[in-house]
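Trainee: Mind having a look at this structure? Questions to follow.
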Amino acid sequence: MSFQHLDTPTLKAWLDEGRETALVDIRDALSFAQGHIPGSRRLDNESVGEFVAATPTERPVVVVCYHGHSSQQAAAWLAGQGFAEVYSLDGGFTDWQLRHPDRVEA
0 MSFQHLDTPT LKAWLDEGRE TALVDIRDAL SFAQGHIPGS RRLDNESVGE
50 FVAATPTERP VVVVCYHGHS SQQAAAWLAG QGFAEVYSLD GGFTDWQLRH
100 PDRVEA
């Protein structure tokens with residue numbers, strides 16, 4: 000199993016249409032608290048077990064990091080846990096915040 004890349008405009012379209020997606024942010028706690036994509040949840044080593052156990056494997060998962068690099072490793076790992084659709088957000092939160100400053104929650 001593998002992950003796919005997702006660009007910011009596509010994620011925005013998915014969120015606008017209300018597509019059911021598990022949006023996870025792997026940045027550090029302070030960065031997440033200072034700003035994140037609305038509806039996302041922070042995922043770290045302590046919360047990942049609960050996330051994997053509680054999230055249906057058929058639900059698409061989008062992984063967000065700072066610039067779209069570390070999210071690729073996390074997305075590959077989640078795909079290996081049996082999630083059918085896993086995406087790494089290209090450009091990460093930095094690109095999202097640049098394009099959609101009005102859609103950042105703190």
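Last residue of the sequence shown: 105 in numbering that gives the first Met the number 0, with the numbers rising by one and none dropped.
Note that CB positions come from ideal geometry on N, CA and C, so glycine has one too.
Treat the numbers as computed from the prediction; the structure is a model and nothing was measured.
Identify whether D24 lies in helix, strand or coil by the three-state DSSP scheme.
Mentor: Residue state, collapsed to three classes: strand.
Trainee: Helix or strand or just coil, what does DSSP make of S87?
Mentor: Of the three classes helix, strand and coil, the one that applies to S87 here is strand, per DSSP.
Trainee: According to DSSP, is L29 part of a helix, a strand, or is it coil?
Mentor: Reduced to three states, the DSSP call for L29 is helix.
Trainee: Label G67 either buried or exposed according to how many other C-beta atoms from any shown protein chain fall within 10 Å of its C-beta, with 16 as the threshold for buried.
Mentor: Buried.
Trainee: What residue range is occupied by the uninterrupted beta strand (DSSP E) comprising L77?
Mentor: Looking at the DSSP string, L77 is not in any beta strand (DSSP E); the run it does join, the alpha helix (DSSP H), is S69 to G79.
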